[in-house]
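J.: Chains as they are written, first to last, in my numbering: chain U, 20 to 326; chain R, 20 to 326. Think of the CB as a built atom: it goes at the ideal place given N, C-alpha and C, for glycine as much as any other residue. Every value quoted in this text rests on a predicted model; they were computed, and no experiment measured them.
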């Protein structure tokens, strides 16, 4: 019964001294914010974002919060709180619900996120998890998608592709890295890679009113992208995986050239950072050719299709 | 495709001057808050909270926001923003999604709510809508569940029961009424009736560490509760419907006796308000008997059941 579950949950998160009003009332109350609040929401569905028959509930729960923290990272915001809405299958729902929370609690704790509320439901349908995460705007302001300018360098954190082999569950959202960079360098724009490097880069460029030329030879292709290409042997290369797989949850940044140089030569980066190209006046997504010219690069990635 | 849908949506909500960053980035940004922020989330599922085969998408969409605004009302908070996560069936999902938004836009506009973000997904499952609403804490502070004291009067807004006949879609969340009362009178506690008067009153009493005695003769039974009792002729009385139906989305308030008297004799109430009993030292839920004594009243209402 929901009542028991809420009791369990309230007990589990009882030390909520970080917020004025946490779980247990009609709504939660967050303390006043000086620089504004960042809010983002992501919904995960069984059969789309995970497979509840195979995947451990704790990994599913962790992912449901992690994808939201990745969005806060893309704004260089400091995570503060989250609310969790669940549609649990009636049969086995209690254990599933507990597993989900047990999976997200350690991540919440690691990133200073207080679970301030939720809505726990049961039904005859598959598992759905909807998380809304809230964060504080950094005193330097939020990092937006729309600030890239022609000649900015395109930087990317980490290694890309093949996340389906496990990293889409176990990735670390780049919250600390985003704040670290935002505090030390001038960043013009940022986005997290949820749907695929090429697609998300194209979105950032479009939002900024410019284009982007990618030097494909520089794209940091992950070992998992190589592994996936050889496992499947379907003609999709490791580079294709890096460009289009999605769920890397790494950051793409637009950085002015002198700042990019400082970042790339910094001796103490918290994560590997690679330059993969530059933004241009000419709109669209392009790949760099050997002679310095460029030709169109089709954005590839995950998009929900509606009829 | 999601891209087209997001374009449609961004176009539809383009005048978002009320927030620093609205739809279109990785997350939204809300302006700084002086008194704190209230956050609440509610998820609606096909076959549980509505029936997409019969119910118009616009009514479903309106309800998905309205239930959240009712939670803000229960905190006497001023609505400000909302994010909307959708799991749309692949077939017909585009029209359904548009209908949902067309249904919630007028309500959002009426209550000053900016739709600042969302997550639109498609899948092979039934429709799920998860809304998170954000509001400003009133300068007098939030209205909590836990503030009722023995001898406080139990006041309730509106008429109860039979909401399934249509009011569960078309109710007006008591946002204005809650703020009006909170500004003029001393309210000790409040809750909105989502799961049933008796169940939600018992929750308020328990959160406040006291009990409640209800004078059943005073419960404002709605015409729809009477209609439902005679339609069904199943032995469930109109009063039973008022006590246990849920989805009334009226407010139950704990008010000290002198303030309750002022409210009940006020010539300008924005909604009918009825006294239905009082809070007691003795915990539990009770019904008043003719001789002034009381006997147990079993809380009845909607609870999700998990196995």
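1) Can you give me the start and stop residues for the alpha helix (DSSP H) that residue 249 (chain U) sits inside?
2) By the 8 Å beta-carbon criterion, what residues does the stretch 307-323 of chain U contribute toward chain R?
3) Would you mind giving the Cβ-Cβ distance between residue 86 (chain U) and residue 268 (chain U), rounded to the nearest angstrom? I have them listed as a contact below 8 Å.
4) Please check if any C-beta of chain R sits within less than 8 Å of the C-beta of residue 144 (chain U).
5) Taking residue 294 (chain U) as the reference, which of U:147, U:139, U:280 and U:116 has the closest Cα?
6) My output table needs one value for residue 20 (chain R): the three-state DSSP class, helix, strand or coil.
7) Within the continuous beta strand (DSSP E) that includes residue 173 (chain R), where are the two ends?
8) If the cut is a Cβ gap below 7 Å, which residues of chain U does residue 139 (chain R) touch?
9) If the criterion is Cβ atoms closer than 8 Å, does the pair residue 102 (chain R) and residue 136 (chain R) meet it?
10) Could you give the DSSP three-state label for residue 32 (chain R): helix, strand or coil?
11) Between the stretch 147-159 of chain R and chain U, which residues of the former have CB atoms less than 7 Å from a CB of the latter, in chain order?
12) Please determine, among R:129, R:266 and R:92, the residue with the shortest C-alpha to C-alpha distance to residue 199 (chain R).
13) Quick check on DSSP: helix, strand or coil for residue 77 (chain R)?
14) Taking DSSP as the reference, what is the three-state secondary structure of residue 266 (chain U)?
15) At which residue ranges does the stretch 157-210 of chain R contain complete beta strand (DSSP E) runs of 3 or more residues, listed in the order of the chain?
16) Check whether chain U comes within 8 Å of residue 20 (chain R), counting only Cβ atoms and requiring the distance to be less than that.
17) Which whole-angstrom value describes the C-beta separation of residue 114 (chain R) and residue 138 (chain R), a residue pair presumed to lie in contact below a C-beta threshold of 8 Å?
18) If we ignore side chains and look at the alpha-carbon of each, how far apart do residue 197 (chain U) and residue 272 (chain U) end up?
19) Give the DSSP-derived three-state secondary structure of residue 279 (chain R) in the structure shown.
20) Kindly indicate which three-state DSSP category residue 315 (chain U) falls into: helix, strand or coil?
21) Give me the Cβ distance between residue 262 (chain U) and residue 319 (chain U), rounded to the nearest whole Å; I'm assuming they're in contact under 8 Å.
22) Quick one: residues in its chain with C-beta nearer than 6 Å to the C-beta of residue 209 (chain R), no 5 flanking neighbours on either side, listed in chain order?
23) Considering only their Cβ atoms, is the gap separating residue 149 (chain U) from residue 64 (chain R) smaller than 8 Å?
24) At a CB-CB cut-off below 7 Å, which residues of chain U make contact with residue 106 (chain R)?
25) Between which two residues does the beta strand (DSSP E) carrying residue 295 (chain U) extend?
26) At the level of alpha carbons, what is the spacing between residue 239 (chain U) and residue 178 (chain U)?
27) Put residue 215 (chain R) into one of helix, strand or coil per three-state DSSP.
28) Measuring straight from C-alpha to C-alpha, what distance separates residue 26 (chain U) and residue 244 (chain R)?
29) Give me, in chain order, the residues of the same chain whose beta-carbon lies closer than 7 Å to that of residue 181 (chain R); leave out the 5 immediate sequence neighbours on both sides.
30) Along chain R, in chain order, which residues have C-beta atoms closer than 9 Å to that of residue 41 (chain U)?
31) In chain order, what residues of the same chain have a beta carbon less than 6 Å from the beta carbon of residue 302 (chain R), not counting five sequence neighbours either side?
32) Please name the residues in the stretch 45-56 of chain R whose beta-carbon is closer than 7 Å to at least one beta-carbon of chain U, in chain order.
33) Within 8 Å (strictly less), CB to CB, does residue 59 (chain R) reach chain U?
34) Assuming residue 38 (chain R) contacts residue 100 (chain R) (C-beta within less than 8 Å), just tell me the rounded distance between them.
35) Is residue 288 (chain R) helix, strand or coil when you go by DSSP?
36) Any C-beta of chain R sitting closer than 8 Å to the C-beta of residue 136 (chain U)?
T.: The relevant details are as follows:
1) 242-251
2) 322 and 323
3) 7 Å
4) yes
5) U:280
6) Because residue 20 (chain R) sits at a pLDDT of 48, beneath the cut-off of 50, its placement in the model cannot be relied upon, and the following sentence gives the value as read from the coordinates. Coil.
7) 172-176
8) 323
9) yes
10) coil
11) 147, 149, 151, 153 and 156
12) R:92
13) helix
14) coil
15) 172-176
16) Residue confidence for residue 20 (chain R) is low, a pLDDT of 48 falling below 50, so the modelled location carries little weight and cannot support an answer.
17) Actually they are not in contact, since the Cβ atoms of residue 114 (chain R) and residue 138 (chain R) sit about 19 Å apart, beyond 8 Å.
18) 10 Å
19) helix
20) strand
21) 6 Å
22) 93, 162, 270 and 272
23) no
24) 62, 64 and 147
25) 292-299
26) 5 Å
27) coil
28) 32 Å
29) 241, 243, 244, 246, 247, 260 and 264
30) What residue 41 (chain U) touches in chain R: nothing, since even the nearest Cβ is about 11 Å away.
31) 230
32) 45, 46, 47, 48, 49, 50, 51, 52, 53, 54, 55 and 56
33) yes
34) 6 Å
35) coil
36) yes
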